[in-house]
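Take 1 as the starting number for the sequence shown in full-length UniProt numbering and just add one per residue. Report on the following structure.
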Amino acid sequence: MTTATPRDDLARRIAGEITLSDDPGATLRKWRTDFDISQTTLADQLDVSSSVISDYESGRRESPGIGVIRRMVEALLDIDEARGGGRIRRYARVISAGFENDIVQDLQEYPTTIPLETLYEAMGATEVVRGDHSRISGHTVINSIEAITRLSSEEFYRLYGQSTSRALVFTGITRGESPLVAMRVVNPTPNAVVLHGVTETELWEHAPALATIDGFSLAVSNRDLEAMIDDIRRLL
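See below:
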């Protein structure tokens with residue numbers, strides 16, 4: 001029996017999501033931009049004009065059939081592999097850690113530790129509390145609502161990947177109560193927590209005190225999410 005590769009798994013996931021979507025064009029666009037592939041590059045790979053891709057994504061052209069979707073997905077993956085396979089490897093890391101992409105949006109291990117300030121700069125983050133550690137060896141970007149409502153405490157710990165010397169970045173934040181309360185029951189804590197989607201003035205008033213008690217750095221960022229994730233991936 002042949003074991004499915006991460007590429008095979010990812011191809012099935014993308015194709016299934018596009019096929020079942022209420023707006024297949026928008027879903028195709030989401031995956032294309034996640035792979036950082038332009039309409040022109042995808043069109044060249046498929047040997048069609050870029051207007052064909054644009055028409056599918058905008059809904060001006062009838063939703064593609066499964067055969068067209070399969071070709072588009074394979075083209076995305078072929079382009080990624082030609083570039084070194086970064087997106088396919090990222091997907092494999094998330095799946096190997098036992099999570100779905102709607103919970104973990106990015107999980108990276110760095111080849112060497114980096115200063116927290118380097119991550120903050122890439123994220124456009126503002127530090128609110130300085131913790132006990134000034135360097136990290138990786139990051140995990142997490143959909144806060146999905147993680148907190150669906151993960152057990154044991155599963156939550158696996159968000160650390162290979163090391164707790166990392167930053168946990170929670171997205172979809174409005175004030176920050178839930179992630180900070182969750183950190184109280186997770187032991188050990190990460191080196192840093194970054195709350196995305198909230199400014200320092202909007203932050204839950206008790207958040208800095210809880211971070212101080214547990215000894216981790218706390219920062220906030222309100223940058224565009226996709227652009228922020230793209231920038232922190234470039235830290236590798």
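The C-beta atom is built at its ideal place from N, Cα and C for all residues, glycine as well.
Q) Are there 16 or more other CB atoms within 10 angstroms of the CB of threonine 171, so buried, or fewer, so exposed? A) For the purposes of this step, residue 171 is identified with residue 171 of the sequence shown, where counting begins at 1. It is buried - the Cβ of threonine 171 has at least 16 other Cβ atoms within 10 Å.
Query - Reduced DSSP category for proline 111 - H, G, I as helix; E, B as strand; rest coil - result: The residue you call residue 111 lines up with position 111 of the sequence shown. Here proline 111 sits in strand by DSSP.
Checklist entry - beta strand (DSSP E) containing phenylalanine 156: first to last residue? => result Counting from one through the sequence shown, the residue named residue 156 turns up at place 156. No beta strand (DSSP E) contains phenylalanine 156, which is instead part of the alpha helix (DSSP H) from 153-157.
- Task: Just tell me which of Arg83, Pro115, Met123, Val141 has its CA closest to the CA of arginine 130.
- Result: Position 130 of the sequence shown, counting from 1, holds the residue named residue 130. The option with the nearest alpha carbon to arginine 130 is Pro115.
Q | For glycine 215 and arginine 32, the rounded distance between their alpha carbons | A | As a working mapping, residue 32 is identified with position 32 in the sequence shown. As a working mapping, residue 215 is identified with position 215 in the sequence shown. Rounded to whole angstroms, arginine 32 to glycine 215 spans 39 angstroms at the Cα level.
_Three or more C-beta pairs under 8 angstroms: does that hold for the region 58-69 against the region 187-203?_
no
TODO: Compute the beta-carbon to beta-carbon distance between arginine 166 and isoleucine 136, rounded to the nearest angstrom, for a pair I have assumed lies under 8 angstroms.
DONE: As a working mapping, residue 166 is identified with position 166 in the sequence shown. As a working mapping, residue 136 is identified with position 136 in the sequence shown. The pair is a contact, with the Cβ atoms about 5 angstroms apart (cut-off 8 angstroms).
Cutoff 7 angstroms; reference leucine 168; Cβ partners in own chain excluding five residues on either side
Position 168 of the sequence shown, counted from the start, is the residue given in the question as residue 168. Counting only Cβ-Cβ distances below 7 angstroms, and skipping sequence neighbours, we find Thr140, Ile142, Leu159, Pro190, Val193.
With three or more beta-carbon pairs closer than 8 angstroms as the criterion, would you say the region 3-21 touches the region 75-83? yes
Quick check on the burial criterion: 16 or more other C-beta atoms within 10 angstroms. Buried or exposed for glutamate 205? Counted from its first residue, the sequence shown places residue 205 at position 205. It is exposed - the Cβ of glutamate 205 has fewer than 16 other Cβ atoms within 10 Å.
Checklist entry - From methionine 123 to arginine 223, what distance separates their C-alpha atoms? => result For this step, residue 123 is matched to residue 123 along the sequence shown. For this step, residue 223 is matched to residue 223 along the sequence shown. Rounded to whole angstroms, methionine 123 to arginine 223 spans 7 angstroms at the Cα level.
Tell me the DSSP secondary structure of methionine 1 in three-state form. Here residue 1 refers to the residue found at position 1 when the sequence shown is read from its first residue. Because the pLDDT at methionine 1 is just 48, under 50, the model does not fix this residue reliably, and the value given afterwards should be weighed accordingly. Coil at methionine 1, not helix or strand.
Pull up the distance between the alpha-carbon of glycine 59 and that of threonine 27, whole angstroms please. Taking the sequence shown and counting its residues from 1, the one referred to as residue 59 is at position 59. Taking the sequence shown and counting its residues from 1, the one referred to as residue 27 is at position 27. Cα-Cα distance, rounded: 11 angstroms.
Whose CA, out of Val104, Ile173, Pro111, Thr113, lies closest to the CA of phenylalanine 156? Mapped onto the sequence shown, residue 156 falls at position 156. It is Val104.
Return the CA-CA distance between glycine 138 and glutamate 62, expressed in angstroms with no decimal places.
In the sequence shown, counting from the first residue as 1, residue 138 sits at position 138. In the sequence shown, counting from the first residue as 1, residue 62 sits at position 62. Taking the straight line from one Cα to the other gives about 43 angstroms.
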